[in-house]
Amino acid sequence: MLEKARAERLWPRPPLWASALGAAAIALLIAYPFIFTTSFSHHLMILILLYALMAQSWNVVAGLSGQISLGQAIFFGIGAYSSTVLFAKYGITPWAGLMVGMLLSALAAVAIGVPTLRLRGHYFAIATLLIGSGVQIVFQRWDWVGAASGLYVPIERTSPLFYLQFHTSKVPYYYLVLGAVAIGYLVVWKLRRSRLGFRLQALRDEPDAAASLGIAIARHKVLAFMISAAMMSVAGTFYAQYVLVLDPERLFSAEISIIVLLMTVLGGSGTLWGPALGAAILVPLSEYSRIWFGGTGRTIDLILYGILILLVCMWRPSGILSLLEERIRRRAEMP
Amino acid sequence: MSRDLILQAVISGLLMGLIYALVAVGLTLIFGLMEIVNFAHGEFLMLAMFTAFWFWALGGLDPMLSLPLVAILLAVAGILAHFGIIRRLLKAPMLAQVCGTFGLGVALRAGAQFLWTPDFRTITNPFIAGRVQIGPIFIGQPQLISGGICLLSFAALWWFVTRTETGLGLQATAQDRQAAAVIGIPTERMFALGWAIGLGCVGIAGTMLSTFYYIFSDVGTNFALLAFVAVALGGFGSILGSLLAGLLIGLVESLGGLLLDPSYKTLIVFGLYLTVVIFRPHGLFGRF
Chain A
1 MLEKARAERL
11 WPRPPLWASA
21 LGAAAIALLI
31 AYPFIFTTSF
41 SHHLMILILL
51 YALMAQSWNV
61 VAGLSGQISL
71 GQAIFFGIGA
81 YSSTVLFAKY
91 GITPWAGLMV
101 GMLLSALAAV
111 AIGVPTLRLR
121 GHYFAIATLL
131 IGSGVQIVFQ
141 RWDWVGAASG
151 LYVPIERTSP
161 LFYLQFHTSK
171 VPYYYLVLGA
181 VAIGYLVVWK
191 LRRSRLGFRL
201 QALRDEPDAA
211 ASLGIAIARH
221 KVLAFMISAA
231 MMSVAGTFYA
241 QYVLVLDPER
251 LFSAEISIIV
261 LLMTVLGGSG
271 TLWGPALGAA
281 ILVPLSEYSR
291 IWFGGTGRTI
301 DLILYGILIL
311 LVCMWRPSGI
321 LSLLEERIRR
331 RAEMP
Chain B
1001 MSRDLILQAV
1011 ISGLLMGLIY
1021 ALVAVGLTLI
1031 FGLMEIVNFA
1041 HGEFLMLAMF
1051 TAFWFWALGG
1061 LDPMLSLPLV
1071 AILLAVAGIL
1081 AHFGIIRRLL
1091 KAPMLAQVCG
1101 TFGLGVALRA
1111 GAQFLWTPDF
1121 RTITNPFIAG
1131 RVQIGPIFIG
1141 QPQLISGGIC
1151 LLSFAALWWF
1161 VTRTETGLGL
1171 QATAQDRQAA
1181 AVIGIPTERM
1191 FALGWAIGLG
1201 CVGIAGTMLS
1211 TFYYIFSDVG
1221 TNFALLAFVA
1231 VALGGFGSIL
1241 GSLLAGLLIG
1251 LVESLGGLLL
1261 DPSYKTLIVF
1271 GLYLTVVIFR
1281 PHGLFGRF
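Residue numbers (my numbering), protein chains in the order written: chain A, 1 to 335; chain B, 1001 to 1288.
Okay, structure coming up:
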């Protein structure tokens, strides 16, 4: 009860218009595939949702517990490889692979986190960057999982839902990803209001004070890292089932680790909706620049990403969402 | 495995290590001064290599001649980066500092790829080429001269930091920013100087590297990772530490590649980093 009351005071009930806006957004998300019927618009939204999930996963470890992980791609790759290896080699449904991937990712997070999460700030960031690069090298040399040429997800047309493959339409896939994102955001929403969430934010803002209050810093950080890894792994499995090709060069690339960071910081790290906002801005930017500029677009989007994030860090380190919030608050306070 | 082969690996590893060290010393200097890790460091190295390349390709200027030009250009870039970007990031939280420099790096790398395509380039007929034989060992002449120039740069840097008044001011700023400001050291100018020297070193390393290494937009990534390792091994902020750590990394990489599989040599170095930061978080050699 006390816990709940405290939560209510820290996070007051949203105003009516915000709830209405939220309801409208949910309705729009559900109706989206029927409003925008082209395959490209489905593809775009699926990517936005996947990246929103990935960015949220980074947000849990960095935004909530304050540890800058530069190796999130490790868990993305583990998720993709777990489901694909189990399916391609043993015929096990990707749904089971999804679970296995989450478990393996959480274990990997423990293995990486226990020694490195004790490190302060930059040392942890650099350690994850190096481990991420190292894991990529290992997967590129590992013959059992296809080494550098990667793996293909075998095509299976009999039972789409069971095999998590949809070859005629992207719509079912869209709803599955939407569901995964909804669950992920719900978990984080709950987490932020839970005892664990408060502790994480306390040790992010005041590590020494939190420690003196008896919060086991290392254990909490590892826990946050595990949750984050499991979320990233889900996105990895869904991504693998979407593109049906596993390329270690791409799956474990530092680019993925960096993009989820850029999205979250752009939107607002530590907030619930910041990662989604960042994904909703950067994914279309990337996809449309690819269309407008053709083959070289791939780098134009990265140039824009880089400059955008640099500007945000220089002028608004708390992200775009805080800009909107501030404006709304100011308007609300006006007599 | 013959003794000559090992000796050969040791020498070439040490020579490469000198380049790693010169890249790392810029990183460590900047960190020591203002506690900012420059995640765009590798991209500045890439820019230095391309600058040397274009001097050669368009102006017909050999890297040995453009060396001072590239170093000065990079130093100017460092000053611009400091006043244009870093000064604002200093007051921001650590997350913004990491992401800001990372963003700069992403933009520079993508910009280079956009302008000059991801193709690999080489400088084909530099003044220094071929190899020299010392006893049973063959050493590439570019590598040998690069190593020598890196060592000279280190000596100059060491002399500057420990023997000149400005250098002492630099050290004082690194030790205690506020106390330095109180006794009249222009800390803001020291920061800019740190960036100028740091990227100037990268300019020298990049130019020398361009005489025997492929030049492409992603070239900085791996060097930056190794520089991070070197800085962590040597202790953030330590000049001598980064020299020793760079040499150690070059040695480990080259011997690891010889004794084990060459494709795993980077992994060995990364393992070295993890071992050191976990067991000796302040590096092997401490601060200067």
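Beta carbons: idealized from backbone N, C-alpha and C, even for Gly.
Since the model is a prediction, treat every value here as computed from it, not as a measurement.
Please report whether the beta-carbon of residue i lies at a distance below 8 angstroms from any beta-carbon of chain B.
i, result
"A:Ile-35", "no"
"A:Leu-321", "no"
"A:Leu-203", "no"
"A:Ser-41", "no"
"A:Arg-330", "no"
"A:Ile-300", "yes"
"A:Leu-130", "yes"
"A:Ser-149", "no"
"A:Pro-317", "yes"
"A:Ala-127", "yes"
"A:Leu-262", "yes"
"A:Tyr-185", "no"
"A:Gly-121", "yes"
"A:Ala-52", "no"
So residue i and residue j are in contact, right, with Cβ under 8 angstroms, and what is the actual spacing, rounded?
i, j, result
"A:Ala-254", "A:Ala-73", "7 angstroms"
"A:Val-188", "A:Gly-113", "Actually they do not touch by this definition, with Cβ atoms about 18 angstroms apart."
"A:Ala-62", "A:Ser-289", "With 8 angstroms as the limit, A:Ala-62 and A:Ser-289 do not qualify as a contact, their Cβ atoms being about 26 angstroms apart."
"A:Ala-240", "A:Thr-84", "5 angstroms"
"B:Ile-1268", "B:Val-1252", "6 angstroms"
"B:Ala-1009", "B:Leu-1209", "The Cβ separation is near 19 angstroms, so there is no contact."
"B:Pro-1063", "B:Thr-1211", "5 angstroms"
"A:Leu-70", "A:Thr-128", "5 angstroms"
"B:Leu-1033", "B:Ile-1204", "The pair is not a contact, with the Cβ atoms about 19 angstroms apart (cut-off 8 angstroms)."
Determine the closest residue to residue i out of the options, with distance taken between C-alpha atoms.
i, options, result
"B:Gly-1013", "B:Leu-1247, B:Arg-1280, B:Ile-1185", "B:Leu-1247"
"A:Ile-30", "A:Ser-105, A:Val-171, A:Leu-151, A:Leu-70", "A:Val-171"
"A:Ser-233", "A:Phe-76, A:Ala-23, A:Leu-16", "A:Phe-76"
"A:Glu-287", "A:Leu-28, A:Ala-27, A:His-43, A:Leu-21", "A:His-43"
"B:Arg-1189", "B:Gly-1203, B:Ile-1204, B:Thr-1173, B:Ile-1183", "B:Thr-1173"
"B:Ala-1081", "B:Gly-1100, B:Ala-1092, B:Ile-1149, B:Ile-1183", "B:Gly-1100"
"A:Ala-108", "A:Ala-88, A:Gly-79, A:Ile-48", "A:Gly-79"
"B:Ala-1224", "B:Ser-1002, B:Asp-1004, B:Met-1016, B:Val-1023", "B:Val-1023"
"B:Phe-1160", "B:Ile-1197, B:Thr-1187, B:Thr-1124, B:Pro-1186", "B:Ile-1197"
"B:Tyr-1264", "A:Val-283, A:Leu-49, A:Arg-141, A:Ala-23", "A:Arg-141"
"A:Leu-251", "A:Ala-24, A:Ser-322, A:Arg-219, A:Val-138", "A:Val-138"
Using a Cβ-Cβ distance cut-off of 8 angstroms, determine whether residue i contacts chain A.
i, result
"B:Cys-1201", "no"
"B:Gly-1234", "no"
"B:Val-1023", "no"
"B:Gln-1020", "Residue 1020 of chain B is actually Tyr in this sequence, not Gln. Closer than 8 angstroms: no."
"B:Val-1276", "no"
"B:Ala-1092", "yes"
"B:Arg-1287", "Because the pLDDT at B:Arg-1287 is just 48, under 50, the model does not fix this residue reliably, and the value given afterwards should be weighed accordingly. Answer no: the Cβ-Cβ gap between B:Arg-1287 and chain A never drops below 8 angstroms."
"B:Arg-1088", "yes"
"B:Ala-1075", "no"
"B:Gln-1175", "no"
"B:Leu-1045", "no"
"B:Gly-1283", "no"
"B:Arg-1214", "The displayed chain sequence assigns Tyr, not Arg, to residue 1214 of chain B. No - not a single Cβ of chain A is within 8 angstroms of the one on B:Tyr-1214."
"B:Ser-1254", "no"
"B:Leu-1104", "yes"
"B:Ser-1263", "yes"
"B:Val-1219", "no"
"B:Ala-1179", "no"
Around the C-beta of residue i, are 16 or more other C-beta atoms found within 10 angstroms, so that it is buried, or is it exposed?
i, result
"A:Arg-120", "exposed"
"B:Asp-1176", "exposed"
"B:Leu-1027", "buried"
"B:Val-1132", "exposed"
"A:Ile-343", "What is shown of chain A runs 1 to 335, which leaves residue 343 of chain A out entirely."
"A:Tyr-123", "buried"
"A:Ser-336", "Because residue 336 of chain A is not part of the residues shown, which for chain A are 1 to 335, the question remains open."
"A:Ile-155", "exposed"
"B:Asn-1125", "exposed"
"A:Arg-192", "buried"
"B:Ile-1030", "buried"
Quick check: does the Cβ of residue i come within less than 7 angstroms of any heavy atom belonging to the ligand ZN?
i, result
"A:Ile-30", "This structure lacks the ligand ZN, and indeed carries no ligand of any kind."
*With a floor of 4 residues, list each alpha helix (DSSP H) that falls wholly inside the segment 1080 to 1130 of chain B, ordered by position along the chain.*
1094 to 1116
_Entirely enclosed alpha helix (DSSP H) segments - the segment 154 to 236 of chain A, minimum 4 residues_ = 160 to 163, 171 to 193, 195 to 205, 207 to 212
_alpha helix (DSSP H) segments (min. 4 residues) lying fully within the segment 1126 to 1173 of chain B_ = 1141 to 1163
*Within the segment 47 to 111 of chain A, note down every full alpha helix (DSSP H) run reaching 4 residues or more, in order along the chain.*
73 to 90
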